[in-house]
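Residue numbers (the working numbering), protein chains in the order written: chain A, 13 to 723; chain B, 13 to 723.
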């Protein structure tokens, strides 16, 4: 074991010879450290057991199911394509090995290890947190701080600045697996415009490809793609195509041929390209661990950027495997042998399970190999890096192709480190109320692990959404950086206009509200990422006490807002806990009604036709008139709503939204200060944003007295 | 169409020539009625569309998933063995076609039809309730009343008095699929006794049978069964074996041979006994629609009653079918044909789905036939009656065998009518927090459909339970008539003693509390069943207002208690809405601490070590000292806790708990009245229960002043 320290005091313990994952960007300084985790090395695994104190909470674990407080759960880090997000699933697409234990003491832990880790967060025994690392070579990082917020900010610092999308990526996106051709896509676009619903872009699922082949465009269904993209772009509309991890093994297919020629594919034990079956049939997986493969695959995006595409989603990159031919052959053989037998029930279950369990078998990931620094390493050993390195490859490629132009890039699989290269969506959720509730809880957990450009599929991917669920989901997701309504083939359509008139009206207004609030949401995003702070926080990161710790269905957005979405059907409101006095705002109400809510629990009416949020004391929220897309957002008349007890501040960040010039300081700041002075207010505006001409301010005091000001 | 009226004013509309299901026991009087449902007959189906008013609520639908308010859901009545109770499943084991629409007007509807019905309760269009009946021959019943409570009581009256179990059936039962032999069962029993946890009996799952054959006992694993039963019974312990619907088709097996000889099995199209595969391999299904088959199958329970058994659970009686041989052969054949092919993804999905979807295919139920009044009717046409008539058969058999001795009988599948013959458990739930929440909501819905002897598998059947979940689940289920902790083979054990010391202590105390409260729970059960009232009610059945209507996680038990269980992990309490002032009782607190809760919303601390309930104003709760089983419950010192504003009443019902003599009036009543008089209380007790010798009363007034009285 060797020990190190990072600049911000993070302690590092190195066991054996870990594979360098690139999760941490700060350099390690060798230093003798005493304190370390009590680790038992046994049969090639490392086991850690931490005793809980009674009210310890556990935060973190990013993209996993469960509550904000992770205690009482089982988790597993081993990226997998899990289509059924039910409560007791222990693993999904991500491997986010950062967590904070917070109670009498607060400490953050990051286990930097790219293969399987299992966590029993006080599930089987409520008093212990047991961790099993499937290897002996890894780093652990221990971060101390006065509270969970401080620890989380230190962690964000050491893993490096998160990916920053263009501002248009903050628009509203429609998506569906099943927009089967150009005509269908155009029809969706036109129906949005006809119904006066803002629309920034449309995600293209597998439908656009030729036989599920990466970097191909179906001639039959999407002929003249370049013109099509250009045509839509004229009206400010972006198309965002999908790219899958597996490359179809088909002679004559350019990506396959180049991959073979360039030795870019993962190998099987015999040293030949490893073959598995996914959407296109037999595929090879690019070996994204190799730098030249990263560069090669990244360069392939050119085929689409040349058509005017500026955004992508990388999918199936756990990587998902439907089956290996050998496993299918065995299942078929076993089935054949059972023919005409009078099966007992156990043989029958075996026969059935052979087929049911074909996908993503653990054994597959031991059958293919990466080349890392000239060494051959099984995918199993670095399994959790696959989505990360695919997205890094895309990011490097796009950065070259698009130069100083930002791009939208999200991935399904991820581990910490990938946050610097792209965002994520939360995968294949369902049109369930419980998944709307889950969507609330996952946001701060993802932020904690460095992921900021995040969103769940609004309305739910699988299953049939209805108007009420879509409306309630939007009331949450219009606050998430990534806002995408996406659904699966075979499910009912769930575009905002397919339901009743009331649903159309309400969802239109909600999406417009999103656009009104983009200046604020973008500002909070950029400040969080650049300052290594959280955008979404649990209430317990800012307030203390049992009641606050138990709130799992409210969030803080920035330092200004509290969100409390309705996530059950048939509700005309909900209970909201106010940890301090706040200002309730009915943003879609004709008069934008406000109510001062005193600290405590209140039933808050929250209709389908409204958008509610709660402004913290001495906070200011900026917004503008809605527009049909980000390009047309107009800052000329900036609106502010301020809840002022004595002195309120807001720092509105803005930049060109397109380039990386902000890194060189090319950004705009509007510092706003509103101070109560006797019966009036003193307003200071320090603004270098040339687009803002007028500022209209609505000031509300703790008695709900309203004063309008104009500047 | 013919119209009728029942005694209590229920309107009856008869369409075509319905099959008589026996759901309704009151006789119909022909009467010309005008008002009827607007029904569209189309392609052999009947369609009904009801326009909702904005805040209409929908109650009913018994054993289905979802909320107390059923609006915004899809349902289907077609009994099925659904192992995965996820949110969007539209059908489970039951077909409970009673619902109440309650808003400005309130009306109850019962569709008496034994095959498939689909309900869109405002799901796809929030403004309409659409019903599709898969046939043209059925009755509809319309029940009017001033509110949902009155309508529900009228309905309970017309469907006849619910099944009444013996008092021992209110004890605590341990169960697990996987208590594989006598030794294991004895060990469980001994461990309960050793740990001083009350235990009334142990349910025996498939393990006890010889090769899954009904009415057999494994010689290898349960030899000397009669002595074993007798031995345990000496200590007051009951064994409750399972009986499955399918009879193994095996020559020489007595049930099979008798069934063939007596022509008792459902037929295939060719007129031979229909064959399907379930647990035992190939089985035949008894034709429970035939009276002589009912009598024959019912008489078979003698094999077990002769061993001293007095309780049974009828399972797999939707009936569940793993597969038909033909369907499996076809799946195998298709698989064989795909051998060595380079499958495209759609052929692969077909291959896989052929196996995945083998169970409970709709088509199977059209392949076998019942004989009804000499006519041949496919199972599909009377599908929802199968579990009902199997349980009726068991009830008739056991009534003959056990004479005036009551027996425990529950079934998995059910339709309305069966409630007179047995209770139900809620099927194969999972060890999920959301299923504990679901358990709360299903209780009043089941009562509305006549089912009173009900309970969910405490701790969850599938998946791995932990100590916190088991404890929280018990805090609810110690109030349900059926209290069974049951888990599946392959899951972790979940007996109260397998977790930590704290869990053992807390669960022991909760089970003891159950026994303390049995006099009250039994009294409420018997009064509800005999008076056609609900035992579990939504708050909205007694109180008015938006807040009350939206409460889905609190229940009223009888007229005395409100329950508000904690159903999320990591909670030290929860928000409780009080529709009026109530008395919070910490029943397991050393001093049984009480707090007066004013109308409104309160955060109520509710630890794992406690049992909380809320006594309504002017109500009295009786309890006694706990005992290890019902036989030893001692009423000598009756305890009362009373929350008295002016005058409180309680009518404690009791009887021998064993026989049906109560029908002839052989029961005990203890009428208690406590009236506030100036600074003291006047207590009237009118008691004919000879077991009660002393009454200790704790009176709490609206200022939480406590006075003790002894009588």
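Backbone N, C-alpha and C define an ideal beta-carbon position, used for all residues, glycine too.
On a predicted model such as this, the values are computed, not experimentally measured, just so you know.
| Item | Value |
| --- | --- |
| Quick one: what does DSSP say residue 118 (chain A) is sitting in, helix, strand or coil? | strand |
| In the DSSP assignment, find the beta strand (DSSP E) that holds residue 293 (chain A) and state where it starts and stops. | 293-296 |
| Can you confirm whether residue 445 (chain B), when its beta carbon is compared against all beta carbons of chain A, has any partner nearer than 8 Å? | yes |
| Comparing alpha-carbon positions, which option in A:72, A:84, A:322 lies nearest residue 582 (chain B)? | A:84 |
| Nearest to residue 90 (chain A) by alpha carbon, out of A:356, A:105, A:273? | A:105 |
| Would you mind stating whether residue 498 (chain B) and residue 205 (chain B) have Cβ atoms separated by less than 8 Å? | no |
| Please decide whether residue 499 (chain B) counts as near chain A, where near means a Cβ-Cβ distance under 8 Å. | no |
| Kindly identify the DSSP beta-bridge partner or partners of residue 111 (chain A). | A:72, A:121 |
| Taking only beta-carbon atoms, is residue 357 (chain B) less than 8 Å away from chain A? | yes |
| Which residue from A:80, A:22, A:13, A:61 puts its Cα closest to that of residue 456 (chain A)? | A:80 |
| Is there a Cβ from chain B that is less than 8 Å from the Cβ of residue 98 (chain A)? | yes |
| With DSSP collapsed to three states, give me the class of residue 497 (chain B). | strand |
| Please list the terminal residues of the continuous beta strand (DSSP E) segment that includes residue 651 (chain B). | 649-655 |
| Drop a sphere of 10 angstroms on the beta-carbon of residue 659 (chain A), count the other beta-carbons inside from all chains shown, and report buried for 16 or more, exposed for fewer. | exposed |
| In whole angstroms, what separates the C-alpha of residue 254 (chain B) from that of residue 358 (chain A)? | 20 Å |
| Of all the CB atoms in chain B, is at least one closer than 8 Å to the CB of residue 351 (chain A)? | yes |
| Chain A beta carbons: is any one of them nearer than 8 Å to that of residue 583 (chain B)? | yes |
| Quick one: complete beta strand (DSSP E) runs, 3+ long, within the stretch 259-333 of chain A? | 288-290, 293-296, 323-327 |
| Please list the segments of the beta strand (DSSP E) lying wholly inside the stretch 499-587 of chain B, counting only runs of 3 or more residues, in order along the chain. | 567-569, 573-575 |
| Taking CB distances under 8 Å as the criterion, tell me whether residue 347 (chain B) reaches chain A. | yes |
| Tell me, please, whether the CB atom of residue 562 (chain A) is closer than 8 Å to any CB atom in chain B? | yes |
| Does the beta-carbon of residue 523 (chain B) have 16 or more other beta-carbons within 10 angstroms, so that it is buried, or is it exposed? | buried |
| What residues of chain B sit near residue 480 (chain A), judged by a beta carbon separation below 8 Å? | 84, 138 |
| Provide the residue span of the alpha helix (DSSP H) that contains residue 344 (chain A), from first to last. | 337-350 |
| Using a Cβ cut-off of 9 Å, pull out every chain A residue sitting near residue 220 (chain B), in sequence order please. | The premise fails here: residue 220 (chain B) is roughly 16 Å from chain A at the closest Cβ pair, so nothing lies under 9 Å. |
| Under a CB-based cut-off of 8 Å, is residue 475 (chain A) close to chain B? | yes |
| Suppose the cutoff is 8 Å on Cβ atoms and the five residues either side in sequence are ignored; what does the same chain contact list for residue 191 (chain A) look like? | 197, 200, 214, 216, 217, 219 |
| Compare the Cα-Cα distances from residue 512 (chain B) to each of A:138, A:59, A:130 and report the closest residue. | A:138 |
| What residues in its chain sit with their C-beta under 8 Å from that of residue 706 (chain B), if we drop five residues either side in the sequence? | 648, 649, 650, 722, 723 |
| Going straight from the alpha carbon of residue 601 (chain B) to that of residue 154 (chain A), what length do you get? | 41 Å |
| Helix, strand or coil, according to DSSP, for residue 634 (chain A) in the structure here? | strand |
| Can at least three beta-carbon pairs, one atom from the stretch 376-396 of chain B and one from the stretch 369-384 of chain A, be found at a separation below 8 Å? | no |
| How is residue 612 (chain B) classed by DSSP in three states: helix, strand or coil? | strand |
| Just to confirm, are residue 429 (chain B) and residue 398 (chain B) a CB contact at a threshold of 8 Å? | no |
| Return helix, strand or coil for residue 594 (chain A), following the three-state DSSP convention. | strand |
| Is it true that the CB of residue 150 (chain B) sits closer than 8 Å to the CB of residue 27 (chain B)? | yes |
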